[in-house]
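First up is the structure itself, then whatever we jot down about it.
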Amino acid sequence: MSKSPDHLKAHGDALFQALVTRSVVAPLTDLEPDLTIEDAYRISECILAHRLARGERVIGKKIGVTSEPVQRMLNVDQPDFGFLTDTMQIPPGGTLVLGEQAIQARAEGEIALVLGRELRGPGVTPADVLAAIRGVRVAIEIVDSRIRDWKIRIQDTVADNASSGFFVVGTDEVPPDGFDFEKTGLVMHLNGSENARGHAAMALGSPLVSTAWLANAMGQFGAALGAGEVILSGSLVPLQPVKSGDHVRCELAGVGAVEVHFR
10 MSKSPDHLKA HGDALFQALV TRSVVAPLTD LEPDLTIEDA YRISECILAH RLARGERVIG
70 KKIGVTSEPV QRMLNVDQPD FGFLTDTMQI PPGGTLVLGE QAIQARAEGE IALVLGRELR
130 GPGVTPADVL AAIRGVRVAI EIVDSRIRDW KIRIQDTVAD NASSGFFVVG TDEVPPDGFD
190 FEKTGLVMHL NGSENARGHA AMALGSPLVS TAWLANAMGQ FGAALGAGEV ILSGSLVPLQ
250 PVKSGDHVRC ELAGVGAVEV HFR
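With the first letter of the sequence shown counted as 1, position 171 gets the number 180 in the numbering used here; the numbers rise by one all the way through.
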């Protein structure tokens, strides 16, 4: 049975308070095993409403948990999706303060797509995504969970805005024409040493496929991927826990590099 708006708002209020105070809550699915993905998305909308009310702007969307290893690591069986706001963006080479800004941070290396026009599901295809892309960049996403110990099911992470934390997008941008959305490689370095390698196909087979999935998933709830928005298309490497003093750098072949520091 569908939960009442007030009931879902109470969960959204609690998660927003956890976001503001850098604290955690118990898994929602422990409290309510019958919570649906639609319920979870409505909870995430409550969190977004709080963020917009304090002056934040939506500047992008994200798809998460796209690779099988990450799904196994987090015990979920499908991707998740969420919103990106301007306060979540860190400048290239910037610093994230653990404890003050993030509480359970993990870094991911991704392909960021900058859209030249809107994508609105249902019915969005990978070809539609390709036609809508203005440019391709490299990105690091720092995911963070307000759910205690990352003990999440898909409903928990969707409710928690796809376990979003912060993100860094490189300044170099290449056009989509000629970019290989399956074979292009990404290398992550941790503290100067190579830590992981991946390739574009690890995002549901292609960032075009994952972004089409994202547009269609969000379209079910009346949301679109807007022109000018940054789309984080899914991690190409395993989640990397980070600690104070760490430095992460990601290099995307033929595109460029981006880095972020933690303290």
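Every residue, glycine too, gets a C-beta built ideally from N, C-alpha and C.
- In the three-state DSSP reduction, residue 126 falls in the coil class, being neither helix nor strand.
- Residue 21: not part of any beta strand (DSSP E); member of the alpha helix (DSSP H) spanning 14-30, first to last residue.
- For residue 89, same chain residues with a beta-carbon under 6 Å away, outside a window of 5 residues either side, are 73, 74, 166, 167, 171 in chain order.
- Membership of residue 144 in the beta strand (DSSP E) is indicated by the continuous run 142-152.
- Taking all protein chains in view, the Cβ of residue 20 is crowded by 16 or more other Cβ atoms within 10 Å, so the residue is classified as buried.
- For residue 228, the enclosing alpha helix (DSSP H) has its first and last residue at 216-228.
- Residue 62 has its alpha-carbon roughly 30 Å from the corresponding atom of residue 118.
- With three or more CB-CB distances shorter than 8 Å, the segment 233-250 counts as touching the segment 203-214.
- Look at residue 157 here: in three-state DSSP terms it is helix.
- Within the same chain, no Cβ atom closer than 6 Å to the Cβ of residue 108 is found once the five residues on either side in sequence are excluded.
- In this chain, residue 211 is not harboured by any beta strand (DSSP E), its DSSP state being neither H nor E.
- Approximately 5 Å separates the beta-carbon atoms of residue 225 and residue 133; this is inside 8 Å, confirming the contact.
- Judged by DSSP in its simplified three-state form, residue 139 adopts helix.
- Minimum Cα-Cα distance from residue 121 among the listed residues 267, 188, 38, 240 corresponds to 240.
- Beta-bridge partners assigned by DSSP to residue 199: 202, 257.
- A direct Cα-to-Cα measurement between residue 164 and residue 197 gives close to 29 Å.
- Secondary structure note for residue 166: its alpha helix (DSSP H) is the uninterrupted segment 163-168.
- Following the DSSP letters along the chain, one finds residue 109 in no beta strand (DSSP E), marked with neither H nor E.
- Following the DSSP letters along the chain, one finds residue 67 inside the beta strand (DSSP E) bounded by residues 67-73.
- Rounded to whole angstroms, residue 103 and residue 162 show a C-alpha spacing of 31 Å.
- With respect to residue 217, residue 138 sits close: the two C-beta atoms are nearer than 8 Å.
- Classified as buried, residue 53 has 16 or more neighbouring CB atoms from the shown chains inside 10 Å of its CB.
- With 16 or more other CB atoms across the displayed protein chains lying within 10 angstroms of its CB, residue 71 is buried.
- Per DSSP, the beta-bridge partners of residue 234 are 128.
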